[in-house]
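S.K.:
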Amino acid sequence: MTIPTPRHPDEVPPGPFGIDHLLAEARDKLARVSPEEAFALQQDGGLIIDIRPESDRLADGEIPGALTVERIVLEWRLDPAGRHRLDGLHPDRPVVLVCNEGYASSLAAAQAQGLGLRRATDLAGGFRAWKAAGLPVTTRVG
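So this note's numbering is basically just the index in the sequence shown, starting at one, shifted up by 11.
#1: Go ahead and pull the three-state DSSP assignment for E36.
#2: Go ahead and pull the three-state DSSP assignment for E81.
#3: Does the Cβ-Cβ distance between L69 and A120 come in under 8 Å?
#4: Kindly identify the DSSP beta-bridge partner or partners of A144.
#5: Alpha carbons only, please: which of F138, I60 and W141 is nearest the one belonging to D98?
#6: Please state whether DSSP places L128 in a helix, a strand or coil.
#7: Can you check whether the CB of D71 is closer than 8 Å to the CB of F138?
#8: Is DSSP giving I74 helix, strand or coil here?
#9: For the alpha helix (DSSP H) containing L52, name the first residue and the last one.
#10: Taking all protein chains shown into account, decide if A35 is buried (16 or more other Cβ within 10 angstroms of its Cβ) or exposed.
#11: Assuming T132 and V44 are in contact, meaning their beta carbons sit under 8 Å apart, how far apart are those beta carbons, in whole angstroms?
#12: Which residue comes first and which comes last in the beta strand (DSSP E) that contains L108?
#13: Please state the DSSP three-state secondary structure of I60.
#14: Could you name the residues that DSSP lists as bridge partners for D133?
#15: When the Cα of L126 is compared with those of G113, P27 and W87, which residue comes out closest?
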């Protein structure tokens, strides 16, 4: 069987494709939270999971108490039934994913819901919105 290719390299086949479509589809599943709402969820026992690369966390700071999980292993760490899951993770615990600006975290949160974390969502505006809201940020000295 041969897979058909577009006639021209710049031609995109019709249909719901592309990152904008994927992002909108992911966000349709989420009840995204503001920085203040994320902070309140954390205070009530929810998890904040920072998926930003270490270089961003070193340059810009971190949310105190947030867990850091590199994007490359995220699904394994967020599978509530998986043997590599984060401690204390269960389907009904609120989980707020955080990236730099709130795009990659939307995709990751929708993926987390697909893994069974019913209350997974993301931080609208990402870490930058958290910091702009004046919420606590820690920096590493080194």
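Backbone N, C-alpha and C fix where the C-beta goes; we use that ideal spot for every residue, glycine too.
M.R.: On the basis of the supplied data:
#1: Locating residue 36 in the sequence shown gives position 25, counting from the first residue. Three-state result, E36: helix.
#2: Stepping through the sequence shown from its first residue, residue 81 is reached at position 70. Residue state, collapsed to three classes: coil.
#3: One-based indexing of the sequence shown puts residue 69 at position 58. One-based indexing of the sequence shown puts residue 120 at position 109. No, these two residues do not count as a Cβ contact at 8 Å.
#4: As a first step, residue 144 must be located in the sequence shown, where it is residue number 133. DSSP output for A144 lists no bridge partner at all.
#5: Your numbering for residue 98 matches position 87 in the sequence shown. Checked all of F138, I60 and W141; the closest Cα to D98 is I60.
#6: Locating residue 128 in the sequence shown gives position 117, where the first residue counts as 1. Reduced to three states, the DSSP call for L128 is coil.
#7: Start at 1 with the first residue of the sequence shown, and residue 138 comes out as number 127. Start at 1 with the first residue of the sequence shown, and residue 71 comes out as number 60. Yes, the Cβ-Cβ distance between F138 and D71 is below 8 Å.
#8: Taking the sequence shown and counting its residues from 1, the one referred to as residue 74 is at position 63. Of the three classes helix, strand and coil, the one that applies to I74 here is coil, per DSSP.
#9: If you number the sequence shown from 1, residue 52 lands on position 41. Segment P46 to Q54, the alpha helix (DSSP H) holding L52.
#10: Start at 1 with the first residue of the sequence shown, and residue 35 comes out as number 24. Exposed, because fewer than 16 other Cβ atoms sit within 10 Å of the Cβ of A35.
#11: Along the sequence shown, one-based indexing puts residue 132 at 121. Along the sequence shown, one-based indexing puts residue 44 at 33. Taking a contact as a CB-CB distance under 8 Å, the pair T132 and V44 counts as one, their CB atoms being some 6 Å apart.
#12: The residue labelled residue 108 in the question sits at position 97 within the sequence shown. Counting along the chain, the beta strand (DSSP E) containing L108 begins and ends at V106 to V109.
#13: In the sequence shown, counting from the first residue as 1, residue 60 sits at position 49. Reduced to three states, the DSSP call for I60 is strand.
#14: Residue mapping note: residue 133 aligns to position 122 of the sequence shown, counting from 1. DSSP, once it has assigned bridges, lists L108 as partnering D133.
#15: Your numbering for residue 126 matches position 115 in the sequence shown. Here the closest residue by C-alpha is W87.
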